[in-house]
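**Student:** Residue numbers (the UniProt record's numbering): 1 to 74. There's a structure below that I have some questions on.
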């Protein structure tokens with residue numbers, strides 16, 4: 001997940017600056033960039049994230065995103 005969020009993936013920050021408790025908004029995400037990340041995750045992991053699980057707010061963290069994605073099966 002951190003690789004996908006890093007400069008090699010979404011171009012947000014270097015991997016060393018992204019942690020489990022990092023808030024996505026603090027990493028530079030807005031709702032559009034978050035949706036782009038979800039599409040990237042779906043493509044990279046071969047999953048589909050249901051619309052009801054796509055909500056983001058200012059407190060959404062990397063670990064919360066990992067939980068959402070890990071519940072999905074290919």
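Using N, Cα and C, we set each Cβ at its ideal position, and we do this for glycine too.
1) Need the endpoints of the alpha helix (DSSP H) that residue 35 sits in, please.
2) Exposed or buried, which one is residue 65 when buried takes at least 16 other CB atoms within 10 Å?
3) Going by C-alpha to C-alpha distance, which of 67, 57, 71 and 68 sits closest to residue 23?
4) On the CB-based measure, 16 or more other CB atoms within 10 Å of its CB, does residue 41 come out buried or exposed?
**Tutor:** Per the coordinate set shown:
1) Annotation for residue 35: the continuous alpha helix (DSSP H) segment containing it runs 31-45.
2) Its Cβ being crowded by 16 or more others within 10 Å, residue 65 is buried.
3) The shortest C-alpha separation from residue 23 is found at 57.
4) Burial is judged here by how many other beta carbons sit within 10 angstroms of a residue's own beta carbon; residue 41 has at least 16 and is buried.
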